[in-house]
Amino acid sequence: TTTTAATTSTVATTVGTTVSTTTTVATTATVATTVGTTVSTTTVATTVATTVSTTTTVATTTAPTTITVATTTTVATTTVATTTVTSCTPGSSWNSTGITIAGVTGVLGTNSTLLSYVNDVGIDIFSNIYVADANNQRIQRFALNATVGQTVAGVVSTIGSAATLFNYPRAIFVLSSTLFVSDLYNYRIQKFTYNTSTGVTFAGAIIKILFFYLEGNGQGSGLNQINLCYGVYVDTTGTIYYSDFTNNRILKKLNSSSTGVVVAGNNGVGSASNQFNGPMGIYIDANNQSIIYVVDSSNHRVQRWVIGGTSGTTVAGGNSNGSALNQLNTPRAVISDSSSNLYISDTNNHRVVMWASGSTIGILIAGTSGVLGSTATTLNYPNGITFDANKNLYVADSCNFRVQKYTTCAEVTITIFPFSLVTTTTTTTIASG
1 TTTTAATTST VATTVGTTVS TTTTVATTAT VATTVGTTVS TTTVATTVAT
51 TVSTTTTVAT TTAPTTITVA TTTTVATTTV ATTTVTSCTP GSSWNSTGIT
101 IAGVTGVLGT NSTLLSYVND VGIDIFSNIY VADANNQRIQ RFALNATVGQ
151 TVAGVVSTIG SAATLFNYPR AIFVLSSTLF VSDLYNYRIQ KFTYNTSTGV
201 TFAGAIIKIL FFYLEGNGQG SGLNQINLCY GVYVDTTGTI YYSDFTNNRI
251 LKKLNSSSTG VVVAGNNGVG SASNQFNGPM GIYIDANNQS IIYVVDSSNH
301 RVQRWVIGGT SGTTVAGGNS NGSALNQLNT PRAVISDSSS NLYISDTNNH
351 RVVMWASGST IGILIAGTSG VLGSTATTLN YPNGITFDAN KNLYVADSCN
401 FRVQKYTTCA EVTITIFPFS LVTTTTTTTI ASG
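Residue numbering for the sequence shown follows full-length UniProt numbering, starting at 1 and increasing by one per position.
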């Protein structure tokens, strides 16, 4: 920080005259701060309440006259400014630069460090990250800060209908340390307890399980069937909610039940408030367990339903498909926070947007609207999303074969401290005949 004081004093030589002058000091402070990987520079140009006070005293004697001029200059400064720097995009609470925490950007493969089409992501109570590695027919678990995954369900590159196999694992949900997996083309949902690799069918399909027995139900529209499930949610009572894509409905099932119960839709395909056109991701409101949010993908909207109600209300999108912030384009996943704000994976816009509760427009928090890419600030068909306990955002970046983490913003408040007090005294003697 540099302070420059320019002082001009005018001395009148009339005897008995006191001269007082005031000079304004302009100070400029430049702050350069590194936050994460972002350098924010703030220049503060502030004119402070700085006064230069000059007092001139003229004394006389008998001839020959000697005039002594005593000048005292005092420079006093106050605090110039405080400034806050942040690494966030304006309006967002997350860094716009993602960190790859699983997979390798643009590289698909079958070894323990690689992924092949990432469809969903979840986190357990131990901060382990679970990844639906769809084309590899497995679920990978990555310990916190690990780059090598462990297969916890499925067998790599092996398709099957046995309890240890998948046919395209599509959606996952982690409740505490229990894993639920939508096994898309086996038309079932599998449940895995911690550190077991044999699934228990929780809804749908074809194997004998702990809770009920469904033999050969497979694909269909019965209440004991599923026809493509893209979204799973399990509440704290163990009730499972799941989207039935082709049947355009949302169902729930209790542990003890052998069939599901329709809680939304089931009125055919369409865009009316009581219909869906390809429901995908679902989520229960954290503040009201009777509210479910449904990604109505091909209607480019998110619907809010009272569970068991007859129709829904559009709470995001619904303005045809597009890339404006009041639009969505084939969204696939939704989650909500404790304030009922919605976070939506806007897949064909290659972004994640937040819709504040009651808002009619979204806020971009990850990706670049309408631009697919493989950089740290772009996404390539994002799918599932989730938060950790610190509200860091995780995104299944499907066609980049990776999981991206977006940390919450760091804000740093910087105070430019007061300058020191400077006093200068100058004495000049002028002799005259």
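Even for Gly, the Cβ is constructed at its ideal location relative to N, Cα and C.
Quick one: residues in its chain with C-beta nearer than 7 Å to the C-beta of Gly308, no 5 flanking neighbours on either side, listed in chain order?
So the qualifying residues of the chain are Val263.
Given this structure, state the Cα-to-Cα distance separating Gly103 from Thr310, to the nearest angstrom.
Gly103 and Thr310: Cα-Cα distance of roughly 42 Å.
Could you tell me if Gly312 is buried or exposed, where buried requires 16 or more neighbouring beta carbons within 10 angstroms of its beta carbon?
So Gly312 ends up on the buried side.
Does the segment 134-141 come close enough to the segment 340-350 that 3 or more CB-CB pairs lie under 8 Å?
These segments do not touch.
Only counting the same chain, and skipping five residues up and downstream in sequence, which positions put a Cβ closer than 8 Å to that of Cys366?
What sits at residue 366 in the sequence shown is Ala, not Cys. Counting only Cβ-Cβ distances below 8 Å, and skipping sequence neighbours, we find Trp94, Ser96, Gly98, Arg351, Val352, Leu379, Pro382, Leu393, Val395, Gln404 and Tyr406.
With a floor of 3 residues, list each beta strand (DSSP E) that falls wholly inside the segment 229-301, ordered by position along the chain.
Runs of the beta strand (DSSP E) inside the segment 229-301: 232-234, 240-244, 249-253, 261-265, 279-284 and 291-296.
Would the beta-carbon of Asp296 fall within 7 Å of that of Phe276?
Yes, the pair counts as a contact, with Cβ atoms nearer than the cut-off.
Would a C-beta distance cut-off of 7 Å place Val234 and Asn248 closer than the cut-off?
No.
How would you write the range of the beta strand (DSSP E) that Tyr168 sits in, first residue to last?
No beta strand (DSSP E) holds Tyr168; DSSP gives it neither H nor E.
For the beta strand (DSSP E) that contains Tyr130, what are its first and last residues?
Taken as a continuous stretch (DSSP letters only), the beta strand (DSSP E) holding Tyr130 covers Ile129 to Asp133.
Just the C-alpha distance for Val31 and Ala376, rounded to the nearest angstrom, thanks.
Here the model assigns Val31 a pLDDT of 39, short of 50, so the residue's position is not dependable, and the following value carries that caveat. Taking the straight line from one Cα to the other gives about 26 Å.
Hey, which unbroken runs of the beta strand (DSSP E) at 3 residues or more fall wholly within the UniProt repeat "NHL" (366-409)?
Complete beta strand (DSSP E) runs here, min 3: 382-387, 393-397 and 402-406.
Please report the straight-line C-alpha distance between Thr57 and Cys409, rounded to a whole angstrom.
With a pLDDT of 48 at Thr57, under the threshold of 50, the modelled position of this residue cannot be trusted; read the value that follows with caution. Each residue's alpha carbon lies about 59 Å from the other.
Could you pull out every residue in the same chain whose Cβ sits closer than 6 Å to the Cβ of Ala171, ignoring the five residues on either side in sequence?
Within the same chain, Ala171 has close Cβ partners Asp120, Ser182, Tyr230, Gly231 and Val232.
Nearest-angstrom Cα distance between Asn145 and His300?
Distance between the alpha carbons of Asn145 and His300: 35 Å.
Is the beta carbon of Thr259 sitting closer than 7 Å to the one on Leu223?
Contact: yes.
Which residue or residues does DSSP assign as beta-bridge partners of Ser345?
DSSP, once it has assigned bridges, lists Ala333 and Val352 as partnering Ser345.
Of all the beta strand (DSSP E) runs that stay within the bounds of the segment 115-164, which reach a length of 3 or more residues?
Fully enclosed beta strand (DSSP E) runs of 3 or longer: 118-123, 129-133, 138-142 and 150-154.
Using a Cβ-Cβ cut-off of 7 Å (strictly less than) and excluding sequence neighbours within five positions of Thr360, which residues of its own chain qualify?
Correct list, in chain order: Asn326.
Would you list the residues sitting across from Ser182 in a DSSP beta bridge?
Partner(s): Ala171 and Ile189.
Got a sec? Which residues, its chain only, sit under 8 Å from Ala286 by beta carbon, not counting five neighbours each side?
Here the set comprises Ser336, Asp337, Ser338 and Ser340.
Measuring CA to CA, which of Tyr168, Tyr194, Val371 and Phe126 is closest to Gly322?
Checking every option, the nearest Cα to that of Gly322 belongs to Val371.
Identify whether Gly312 lies in helix, strand or coil by the three-state DSSP scheme.
Here Gly312 sits in strand by DSSP.
Which of the three DSSP states, helix, strand or coil, is assigned to Asn326?
Coil at Asn326, not helix or strand.
Taking DSSP as the reference, what is the three-state secondary structure of Thr110?
Three-state DSSP puts Thr110 in coil, outside helix and strand.
With DSSP run on the structure shown, which of helix, strand or coil describes Thr37?
Confidence at Thr37 is low in this model, with a pLDDT of 37, below 50, so its placement is unreliable and no value can be given for it.
Since Thr100 is in the beta strand (DSSP E), which residue starts that stretch and which ends it?
Taken as a continuous stretch (DSSP letters only), the beta strand (DSSP E) holding Thr100 covers Ile99 to Gly103.
When you compare only the Cα positions, how much space is there between Asn319 and Val155?
Roughly 42 Å between the two C-alpha positions.
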